[in-house]
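Written below as structure tokens is the structure these notes are about.
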Amino acid sequence: MNTYFLQVFNGISVSSIFMLAALGLAVTFGLMKIINMAHGEFIMIGAYAAYIIQNIFSRYLPASIFDLYFFVAIPASFFLAGIFGWVLEKLIIRHLYGRALDSILATWGVSLVLQQLARSIFGAPNVDVKSPSWLNGALLVLPGLQLPYKRLFIMLLVIACMTAIYFLMYRSNYGRKIRAVMQNRAMAASLGINTRKIDACTFAFGSGLAGIAGCALTLLGSIGPTLGTNYIVDTFMVVVLGGVGSLWGTIAGGFLIGTGNTTLEFLTNATLGKVLVFTLVILFLQWRPKGLFTINSRSLDE
Amino acid sequence: MLEVNNLEAYYGESVILKNVCLNVQQGHIVCLLGRNGVGKSTFLKSVMGLVHTPCGSICLNNEEIIDKPTYFRARAGIGYVPQGRDIFPHMTVEENLQLGLEIKGGRGGIPQELYELFPVLKEMLTRKGGDLSGGQQQQLAIARALAVHPKLLLLDEPTEGIQPSIIKDIGRVILRLKKEGYTILIVEQYLEFIFGIADDYYVMDKGAIIAQGLVSAMNKEDIQHKIAI
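Protein chains in written order, with the working numbering: chain A, 1 to 302; chain B, 1 to 229.
What follows is the structure, given as structure tokens:
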């Protein structure tokens, strides 16, 4: 019984990371139809940002406050990945609007460049980020059932991010503008909304969310230049399964893929589990090609 | 107010408008008539900057705007009510109206007079834009454009597919706006609607202006013949 419960817990924990990474992708993919293959590298950038902050703390600041580094690392990851996203949008993406295939190729190239950049700066081997000591240990729920604090912390982080995104998208002026551009780009521009600026800011924001996902990943293991490539396929699958451009779809998709992965891997083995998940998603999309939650968006019909 | 000279517009490679000249004077209501598919809506889109316009000139209050992006033209004071209304379907009526305020940076509340002009909107504030009837969407689209008092209002077939009672309401609203000094350019096929409303008319065919003049001096049969199918 405890094993099954732990499996579900692990599933939700994996899901939460997928959700965070996929939310950024859902926003950029849903808003601009740009298939950003470099999204995984923003996860990697976020992870290395956490690594840099950790090093700064351990080298230049007193050891007593080292444990607080993670609270600096989260916004640092967000902003560093966001800045990279903003620059990428300004330099490359904005020339590729409406050219989905070209955007795949170009952003894949960007992804290779960013990986090599990380290799040149930090070296090819994986590096370790030391988790803050207050996240070591586990919550003892029942005898024999322990929930690691790290995973609980990641879930809380994801819930906090979700809440922030919800308020940003549905309760603020800026979110109203994003949704307007998403639903009808030409009309939004006719109402005086600078769609280019919205595109750039939103792309940066989506990239920043991937950065936070990367920061969270440093708690779960060592990080390397190819960290993002492990996640990009699953992340795209979450977005497509959930329905492009829908916040609830991304949450549901992330949950299904995350728990599906861990459950099927537990019941069979790692390879077969992956095969089963992919097969189920393909079958599901045959039945509902637009995913779980659909919004009829003119920007996607064109 | 609005001076358009020798305008050409393209969809991809095909020419939609050629050598179009049109003037809208301050405080006037101008009507652009014509059959389906002759380029009337494309003309309004050209003024808004939504289609490719490689040559010609569009001046708003003596300022050239042809090379300016759409959002700039909206902020310069052009309000646009497109054909098909283009309400944001997944947003509430209130959010749609608030988006109308974006032209002025999204500040200030929704002006009360909009609810006086269109009382139906006040009852519908929390409904989704996509749930409204065609006539209600049309009223919402006009209200959205009026939220910031545009210098020039572009209306694309405000009577298309709308029940007669609401057409009358919209006609009354346009007359009231005229009294308040608004400048309006209406694209229309429904000739009866523009009598008593418009000051000047232009007739378009195959992407060019083929007739123009004062509505008061208009030969109704002749124009009806020109825009009939």
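In this text, a Cβ means the ideal position worked out from N, Cα and C, and glycines have one as well.
Task: Test: residue 183/A CB closer than 9 angstroms to a CB of chain B - done: yes
Task: Contact set for residue 167/B: own chain, Cβ-Cβ below 6 angstroms, skip 5 residues either direction - done: 159
TODO: Run the CB neighbour count on residue 188/B, radius 10 Å, all protein chains shown included, and call it buried at 16 or more, exposed below.
DONE: buried
Open item on the list: At a threshold of 8 angstroms, does residue 191/A count as lining the ligand ADP (C-beta to nearest heavy atom)?
Closed with: Within the structure as shown, the ligand ADP is missing, as the structure has no ligands at all.
- [ ] Verify whether the separation of the beta carbon atoms of residue 38/B and residue 100/B is less than 9 angstroms.
- [x] no
TODO: Find the residues of chain B that neighbour residue 194/A, judging by a C-beta separation of less than 7 angstroms, and give them in chain order.
DONE: 71
Task: Pairwise C-alpha distance: residue 183/A and residue 301/A - done: Here residue 301/A scores only 40 on pLDDT, less than 50, and its place in the model is too uncertain to base an answer on.
TODO: Within the same chain, show all residues whose beta-carbon is closer than 7 angstroms to that of residue 298/A, passing over the 5 residues directly before and after it, in chain order.
DONE: With a pLDDT of only 40 at residue 298/A, under the threshold of 50, the placement of this residue in the model should not be trusted, and no figure is reported.
Open item on the list: Pop quiz: residue 239/A and residue 253/A are said to be a contact at Cβ under 8 angstroms. What is the actual Cβ separation, rounded to whole angstroms?
Closed with: 7 angstroms
Open item on the list: Looking only at its chain, what residues have a beta carbon closer than 6 angstroms to the beta carbon of residue 155/A, apart from the 5 residues adjacent to it on each side?
Closed with: 16
Task: Burial state of residue 164/A (16 or more Cβ within 10 Å) - done: exposed
Task: Inter-stretch contact (C-beta, 8 angstroms, three-pair minimum) for the stretch 40-59 of chain B and the stretch 89-100 of chain B - done: no
Open item on the list: Comparing C-alpha positions only, which one of 107/A, 82/A, 98/A and 101/A sits nearest to residue 303/A?
Closed with: An answer regarding residue 303/A cannot be provided, because it is not within the stretch 1 to 302 covered by chain A.
TODO: Assign residue 300/A to one of three DSSP states: helix, strand, or coil.
DONE: For residue 300/A, the predicted model reports a pLDDT of 39, less than 50, meaning its position is unreliable; a value from the coordinates is still stated below. Helix.
Task: Continuous alpha helix (DSSP H) stretch holding residue 208/A: start and end - done: 195-217
Open item on the list: Can you tell me whether residue 225/B is buried or exposed? The criterion is at least 16 other CB atoms within 10 Å of its CB, across all chains shown.
Closed with: exposed
TODO: Using a Cβ cut-off of 9 angstroms (strictly closer), state whether residue 292/A contacts chain B.
DONE: no
TODO: Taking C-beta pairs closer than 8 angstroms, name the residues in chain A that residue 100/B reaches, listed in chain order.
DONE: 191
Open item on the list: So the candidates are 174/B, 19/B, 154/B and 72/B; which of them puts its Cα closest to the Cα of residue 192/A?
Closed with: 72/B
Open item on the list: Taking beta-carbon pairs under 8 angstroms, can you tell me which members of the stretch 154-187 of chain A lie near chain B?
Closed with: 173, 176, 177, 179, 180, 183, 184, 186 and 187
Task: Limits of the alpha helix (DSSP H) - the one that residue 24/B falls within - done: Residue 24/B -> not in any alpha helix (DSSP H); beta strand (DSSP E) instead, spanning 14-24.
TODO: Output yes if chain A places a C-beta closer than 9 angstroms to the C-beta of residue 109/B; else output no.
DONE: no
Open item on the list: Check for me: the beta strand (DSSP E) holding residue 57/B runs from which residue to which?
Closed with: 57-60
Task: Secondary structure of residue 152/B, DSSP reduced to three states - done: strand
Open item on the list: Counting only Cβ-Cβ distances shorter than 7 angstroms, please list the residues of the stretch 83-96 of chain B near chain A, keeping chain order.
Closed with: 86, 88, 89, 90, 91 and 95
Task: DSSP bridge partner residues for residue 128/B (one or two, in chain order) - done: 92/B
- [ ] Quick one: using the 10 Å Cβ neighbour count with 16 as the cut-off for buried, is residue 144/A buried or exposed?
- [x] exposed
- [ ] Below 8 angstroms on the Cβ atoms is my guess for residue 85/B versus residue 141/B; work out the distance and round it to an integer in Å.
- [x] 4 angstroms
Open item on the list: Counting only C-beta atoms, is residue 277/B closer than 9 angstroms to chain A at any point?
Closed with: Since the first and last residues shown for chain B are 1 and 229, residue 277/B lies out of range.
- [ ] Give a yes or no on whether 9 angstroms exceeds the smallest Cβ distance from residue 127/B to chain A.
- [x] no
- [ ] On the DSSP bridge assignment, give the partners of residue 203/B in chain order.
- [x] 33/B and 211/B
Task: Coil, strand or helix - residue 75/A by DSSP - done: helix
TODO: Can you give me the Cβ contacts of residue 15/B inside the same chain, cut-off strictly under 8 angstroms, excluding the 5 residues immediately before and after it?
DONE: 8, 9 and 207
- [ ] Using three-state DSSP, classify residue 4/B as helix, strand or coil.
- [x] strand
TODO: Could you say if the stretch 81-97 of chain A and the stretch 196-216 of chain A meet the contact criterion of at least three C-beta pairs nearer than 8 angstroms?
DONE: yes
Task: Within-9 angstroms CB hit, residue 144/B to chain A - done: yes
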